[in-house]
Amino acid sequence: MTTALIITTLNEITGVKKIIPKIKKEWLDEILFVDGGSTDGTIEEARRMGFKVIIQKQKGHGAAVLEGANTIKSDNFILFGPDGNDEPEKIPELIEKMKEGYDQVLVTRFGKGSVNLDAGIIDTFGNKMFTFLANVFFGGYWTDTLNESRIISKKAFQELNFDAMDLSSTQQMSIRGLKRRQKICEILGNEGERIGGVRKMKPLSVGASLSLGIIKEFIHWK
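Using full-length UniProt numbering, the final residue of the sequence shown is 222, and nothing's skipped along the way.
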């Protein structure tokens, strides 16, 4: 079983310098940066560190995920953001859990015992609401359907017919995984404070996209 790490970036030079050195190359078979057109030196720094970088052709987090998934050769891939929110030490844990036969393994930031240093009141309420709706409408049992930090097999990803190009991408992966009865579980994690860069998540626009996504998935069940 081989595993790739897909690192999505857009002007995250500070995080790349501070977070990426914590990732041990021996944990993984591939490490790929998918960049949205950074102008702060992120691309140059990643290449200086010896990593492969591709520049995404279409804007959006989901577009980066899709282009990364279509580029890597490994059996599984982990999604990771170097902005300080995701925990590098969860990478080996995700890989080990995947060996138990799961299609997806998610890191929850809102499980019992999780510490979240980045989500404010609005973010926390929104996450819990959309996770609740996904559980009710699609038969889930999760505490965090929106987190990027997860591992998924390439086979399972292809089954999703993934087409959410924006920040609703992770919700679609969760919901379509439920609809296709994939074997999915969560592991406990935390969310750190953002390190540098500019926050990409805009509550109103992302909330609207997530709401529309749930409606579309419910109406178009297959």
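Glycine included, C-beta positions come from ideal geometry on N, C-alpha and C. Since we're looking at a predicted model, the values are computed, not measured.
Outcome for residue i when other beta-carbon atoms lying within 10 angstroms are tallied against a minimum of 16
{"i": "Tyr102", "result": "buried"}
{"i": "Ala208", "result": "exposed"}
Nearest-angstrom Cβ-Cβ length linking residue i and residue j, presumed shorter than 8 Å
{"i": "Arg150", "j": "Leu79", "result": "6 Å"}
{"i": "Val16", "j": "Thr39", "result": "Not really, about 14 Å apart at Cβ, beyond 8 Å."}
{"i": "Ile214", "j": "Phe137", "result": "7 Å"}
{"i": "Asn116", "j": "Phe110", "result": "7 Å"}
{"i": "Phe77", "j": "Ile6", "result": "5 Å"}
{"i": "Gly84", "j": "Ile13", "result": "In fact, because the Cβ distance is near 13 Å, the residues do not count as touching under 8 Å."}
{"i": "Gly189", "j": "Thr108", "result": "6 Å"}
{"i": "Ile19", "j": "Pro82", "result": "4 Å"}
Segment limits, beta strand (DSSP E) that includes residue i
{"i": "Leu79", "result": "76-80"}
Span separating the alpha-carbon of residue i from that of residue j
{"i": "Ala134", "j": "Thr145", "result": "8 Å"}
{"i": "Ile72", "j": "Ala4", "result": "7 Å"}
{"i": "Thr143", "j": "Glu191", "result": "14 Å"}
{"i": "Pro92", "j": "Trp27", "result": "6 Å"}
{"i": "Phe157", "j": "Gly50", "result": "27 Å"}
{"i": "Asn147", "j": "Leu106", "result": "7 Å"}
{"i": "Ile121", "j": "Ala46", "result": "34 Å"}
{"i": "Glu186", "j": "Tyr141", "result": "10 Å"}
{"i": "Met129", "j": "Gly62", "result": "21 Å"}
{"i": "Lys90", "j": "Met98", "result": "12 Å"}
Under 7 Å between C-beta atoms of residue i and residue j
{"i": "Met1", "j": "Asp75", "result": "yes"}
{"i": "Ser169", "j": "Val65", "result": "yes"}
{"i": "Gln56", "j": "Glu44", "result": "no"}
{"i": "Gln104", "j": "Ile152", "result": "yes"}
Continuous alpha helix (DSSP H) stretch holding residue i: start and end
{"i": "Gln58", "result": "Taken as a continuous stretch (DSSP letters only), Gln58 belongs to no alpha helix (DSSP H), as it is neither H nor E."}
{"i": "Val115", "result": "No alpha helix (DSSP H) holds Val115; DSSP gives it neither H nor E."}
{"i": "residue 223", "result": "Residue 223 cannot be examined here, being either before or after the span of the chain that is shown, 1 to 222."}
{"i": "Leu167", "result": "First-last for Leu167: undefined, no H or E at that position."}
beta-carbon residue i near the ligand ADP non-hydrogen atom, thresh 6 Å
{"i": "Ile78", "result": "Because no ligand of any kind appears in the structure shown, any question about the ligand ADP cannot be addressed here."}
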